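Trainee: Residue numbers (the numbering used here): 21 to 197. Think of the CB as a built atom: it goes at the ideal place given N, C-alpha and C, for glycine as much as any other residue. Just so we're clear, the structure is a prediction, and the values are computed from it rather than from any experiment.
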């Protein structure tokens, strides 16, 4: 996996975290225990720090970047879906970010939210805990049920369970005809 020191800052990856080879980590990044970072994900902590809480997962192709005065913080057990873009935002514990969602500078998402696929969270927008957030621009459509909160947490646990399996990945040469 490409991991780069930038201006004296190197990513800190907890030994229990898993970052697949095709992911890229640059600069001020802190990955807590049992974090998973999947192929094609790019985390660029060049302007401000990126902090990812325990048991969170950043799925294939997501981009996480900072701007001056806008760090990125993900709480515990956060799921970031495929191709999502997180830019200078804060995401609370147990939140699920849907595929292709975009969160811009200064956005703040409360604990235990679900952000729908393709949602656009505009700069500086704040959402309370347990919100179902959808649309572009995004808005709260209702409060989540206990079952929906549990489902989002279960999703993050599925990715933690994959760590042992994926540690046994073996690169192979493609078959020739």
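#1: Do you know whose CA, among 150, 189 and 71, lies nearest residue 114's CA?
#2: Among 57, 31 and 169, which residue has its Cα nearest to the Cα of residue 180?
#3: Classify residue 192: buried if its beta carbon has 16 or more other beta carbons within 10 angstroms, exposed otherwise.
#4: From residue 206 to residue 141, what distance separates their C-alpha atoms?
#5: Leaving out five residues before and five after residue 69 in sequence, what residues of the same chain have Cβ atoms less than 6 Å from its Cβ?
#6: Helix or strand or just coil, what does DSSP make of residue 173?
#7: For residue 41, list the residues DSSP reports as bridge partners.
#8: Which one of 182, 175, 93 and 102 has the shortest CA to CA distance from residue 126?
#9: Just the Cα atoms here: how many angstroms apart are residue 78 and residue 195?
#10: Looking at C-alpha atoms only, which residue of 66, 54 and 46 is the closest neighbour of residue 34?
#11: What are the partner residues of residue 98, as DSSP defines its beta bridges?
#12: By the DSSP assignment, the beta strand (DSSP E) with residue 105 in it spans what residues?
#13: Could you tell me the boundaries of the beta strand (DSSP E) in which residue 162 lies?
Mentor: So, from the listed chains and residues:
#1: Closest option to residue 114, judged by alpha-carbon separation, among 150, 189 and 71: 150.
#2: Selected option, being the one with the closest Cα: 57.
#3: The residue is exposed, with fewer than 16 neighbouring Cβ atoms inside 10 Å.
#4: The requested residue 206 is not part of the displayed model; the chain covers only 21 to 197.
#5: Around residue 69: 48 and 91.
#6: In the three-state scheme derived from DSSP, where H, G and I count as helix and E and B as strand, residue 173 is classed as helix.
#7: When DSSP reads this structure, residue 41 sits in no beta bridge, so it has no partner.
#8: Nearest C-alpha to residue 126: 93.
#9: Taking the straight line joining both Cα atoms gives about 30 Å.
#10: Cα-wise, what sits closest to residue 34 is 54.
#11: Bridge partners of residue 98: none, in fact.
#12: For residue 105, the uninterrupted beta strand (DSSP E) run begins and ends at 105-107, by DSSP.
#13: Boundaries of the beta strand (DSSP E) harbouring residue 162: 158-163, taken from the DSSP string.
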